[in-house]
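Shown next, in structure tokens, is the structure this report addresses.
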Amino acid sequence: MGETTKVTEKGQTTIPRDLREKYGIEPGDSVEWVETEDGVMLTKAVDGGGRGMLVPDNTDENTREEIAQELTQRIHARRTKETPDT
Numbered sequence: 033m034g035e036t037t038k039v040t041e042k043g044q045t046t047i048p049r050d051l052r053e054k055y056g057i058e059p060g061d062s063v064e065w066v067e068t069e070d071g072v073m074l075t076k077a078v079d080g081g082g083r084g085m086l087v088p089d090n091t092d093e094n095t096r097e098e099i100a101q102e103l104t105q106r107i108h109a110r111r112t113k114e115t116p117d118t
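With our numbering applied, the sequence shown covers 33 to 118.
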């Protein structure tokens, strides 16, 4: 399950209509490109109103990386219908 789009000389690409509709991405919205072990993931960016909910702003970088890895593993497990190692 995936769709392919081309990147223009200016580095632009088009998000397919069905995905924009499914995830509520509208003109003017921001999207976030996130690097994962499997490649790059595109998500709809949310405003900073929830900043600090998952990880407090004063959390050290190593802990942030550990949390990010754990969340990435959980997302990957859900997408592949595996159970995360606990």
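We put the beta carbon where it would ideally sit given N, CA and C, even for glycine.
So what does DSSP say about residue i, is it helix, strand or coil?
i	result
LEU74	strand
GLU64	strand
ASN90	coil
THR40	coil
GLU69	coil
GLU53	helix
THR104	helix
Looking only at C-alpha atoms, which of the options sits nearest to residue i?
i	options	result
ARG52	THR75, GLU93, TRP65	THR75
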